[in-house]
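Quick notes on the structure that follows.
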Amino acid sequence: MEIKPFENKVWLSTPTMHGEEIEYIKEAYETNWMSTVGANINEVERLICEKVGCKYAVALASGTSALHMAVKLAGVKPGDKVFCTDMTFDATVNPVVYEGGVPVLIDTEYDTWNMDPAALEKAFELYPEVKVCVLAHLYGVPAKLDEIMAICKKHGAILIEDAAESLGASYKGVQTGTFGDFSAISFNGNKIITGSSGGMLLTDDAVAAQKVRKWSTQARDNAPWYQHTELGYNYRMSNVIAGVVRGQLPHLEEHIAQKKAIYERYKEGFKDLPVKMNPFDEEKTVPNYWLSCMIIDETAMCMQVRGDLEAHYVTEKGRTCPTEILEKLAEINAEGRPIWKPMHMQPIYSSNPFVTKEGDGRTQVKISAGADIFERGLCLPSDNKMTAHEQAVIIEVVRKCFE
């Protein structure tokens, strides 16, 4: 196969528009409902409740603001420790700090690349006072929810579910975003359903939903003038953004099917290589396949060294590494990315408590599971507008890295 750079860049994951979106944006414009109230907001909240299976949805400015509201609802106070997924985007963890909490980072397991239940149980042994756990579903794959929920229940802890990447994924037939006491989803520009921005707080608690509606509109009291008795935030979703989401939502299953086809083509294309695709429990879960990722077998890794801001590697026959593969993809005008760098390896959280299934991860000599996956893994181009031919070229580029 001839390999030459793509004329148009093949992206990791970009919005896919269908036409309905612009009609709802026009409706907001023509009816002059351009602020944080309007029919689009009301409808997307209803549609998400219907699709996901929760009782209440509050449309907010971002998934991060939804997580912040969830942390506030959970009652996190300055100095409180909160258990958090370690291998994730930092928006999972930052809202804990917004409320003055101290993230305690929980290591990853290899079966789903999500929070390790054994490490979570160990964390409760080390920090029995903790009463909140923030769990993310990485790359659209549900975590081990039975085990994690049972551990949280055993220790009387509130579960906050970060389902920003997993809208449409299910665990034992139930949609993610319904397992947490409070859950968050995202409509960021690269998510499986987008509003260009935006997110939602999901809950079955009517009082909690009402609190978030108030807090997210600057906590204005029900008075004829602007009166405030508690701290508020400018977090409500705009009716214009909601119009984009409203037009996107009917296409969720279509987008998932396209993402699944991409995952399956990669899996087939790499079947004889020393790599594995990002895993999931086929009996219990149906992911949304948001991003297709791969991890290189330890025996097939060439030498790779990463600092805080750059990486280097040594080429070796028959071996490769994420840095080399990402460079080769960039050469053909295709976008890949490293796996999320675990929070315990981030400069901002490098001094925070970190727990593996063996115990306090900071004193362990053995590399943690999350650090290992970060070292050997990468996210492949997963845009659902990528053609089968473009993907075939990408697969060939990856294959050549192992020659």
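Using the working numbering, count along the sequence shown one by one with no gaps and you end on 415. Heads up, the beta-carbon is just placed ideally off N, CA and C, and yes, glycines get one too. For clarity, every value in this text was computed on a predicted model and none was experimentally measured.
Since Val146 and Thr97 are thought to touch, with beta carbons under 8 Å apart, how far apart are those beta carbons, to the nearest angstrom?
7 Å
Grab the span of the beta strand (DSSP E) containing Val94 for me, first residue to last.
Lys93 to Thr97
Applying the 10 Å Cβ sphere with the 16-neighbour rule, what's the burial state of Gly31?
exposed
Please check the pair Asn300 and Gly180, which I expect to be a contact at CB under 8 Å, by giving their CB distance rounded to whole angstroms.
4 Å
My assumption, with CB atoms under 8 Å, is that Pro17 sits in contact with Ile344. Please give the rounded CB distance.
5 Å
Option nearest Trp125 by Cα separation, candidates Val256, Lys93, His80 and Ile385
Ile385
Closest by C-alpha distance to Ala130, when choosing among Cys164, His149 and Thr104
Cys164
Cutoff 8 Å; reference Leu59; Cβ partners in own chain excluding five residues on either side
Arg258 and Leu261
Counting only runs of 4+ residues fully inside the stretch 211-262, write out the alpha helix (DSSP H) ranges in chain order.
218-227 and 251-260
In three-state DSSP terms, what is Pro115?
strand
Selection from Asn251, Ile172 and Ala176 that minimises the alpha carbon distance to Phe194:
Ile172
Would you kindly check if the distance between the Cβ of Ala103 and the Cβ of Thr76 is under 7 Å?
yes
Among residues of its own chain, excluding the 5 on either side of Trp45, which ones have a beta-carbon nearer than 6 Å to its beta-carbon?
Asn251
Buried versus exposed, by CB contacts within 10 Å (16 or more), Met29
exposed
Apart from the five residues on each side of it in sequence, which residues of its chain come closer than 6 Å, Cβ to Cβ, to His356?
Asp98, Leu117 and Phe366
7 Å CB neighbourhood of Ala383 in its chain, flanking five on each side removed
Pro354 and Met357
Can you have a look at Thr311 and say buried or exposed, based on whether 16 or more other CB atoms are within 10 angstroms of its CB?
exposed
Should Ala383 be counted as a contact of the ligand ATP given a C-beta to heavy atom distance under 6 Å?
Among the components modelled here there is no ligand, and therefore nothing to report on the ligand ATP.
Would Met161 be called buried (16 or more neighbouring beta carbons within 10 Å of its own) or exposed?
buried
Here's the rule I'm using: 16 or more other beta-carbon atoms within 10 Å means buried, otherwise exposed. How should Ile15 be labelled?
exposed
Could you give the residue range of the alpha helix (DSSP H) that holds Ala436?
Coverage of the chain is limited to positions 13 through 415, which leaves residue 436 absent and any answer about it impossible.
Using DSSP with H/G/I as helix, E/B as strand and the rest coil, what is Gln376?
coil
Terminal residues of the continuous beta strand (DSSP E) containing Tyr139?
Per DSSP, Tyr139 belongs to no beta strand (DSSP E) and is neither H nor E.
Residue interval of the beta strand (DSSP E) (run including Tyr36)
Careful: Tyr36 lies outside any beta strand (DSSP E), inside the alpha helix (DSSP H) at Glu32 to Glu42.
On a CA-only basis, which of Asn364, Gly255 and Ala196 is nearest Val70? Give me that one, please.
Ala196
Cα-Cα separation, Arg232 to Lys226:
7 Å
Under the three-state DSSP convention, the category Lys67 falls into
coil
Exposed or buried, Lys166, counting other C-beta atoms within 10 Å across all chains shown (16 or more means buried)?
exposed
Since Phe386 is in the alpha helix (DSSP H), which residue starts that stretch and which ends it?
Ala381 to Arg388
What is the C-beta distance between Cys314 and Ile351, in whole angstroms, given that I count them as a contact (C-beta under 8 Å)?
Not a contact, Cβ separation roughly 17 Å.
Per DSSP, what kind of secondary structure is Pro350 in: helix, strand or coil?
strand
May I ask you to report which of helix, strand or coil DSSP gives His356?
helix
Measuring only the C-alpha atoms, how far is Gln239 from Pro107?
26 Å
Figure out for me which residue from Glu322, Val224 and His263 has the closest Cα to the Cα of Gly87.
Val224
What separation, rounded to the nearest whole angstrom, lies between the Cα atoms of Ile387 and Asn290?
Looking at the sequence shown, residue 387 is not Ile but Glu. Distance between the alpha carbons of Glu387 and Asn290 is about 14 Å.
Residues in the same chain with beta-carbon distance under 6 Å from Leu214, minus the five sequence neighbours each way, listed in chain order, please.
Cys66, Ala69, Gly189 and Ser195
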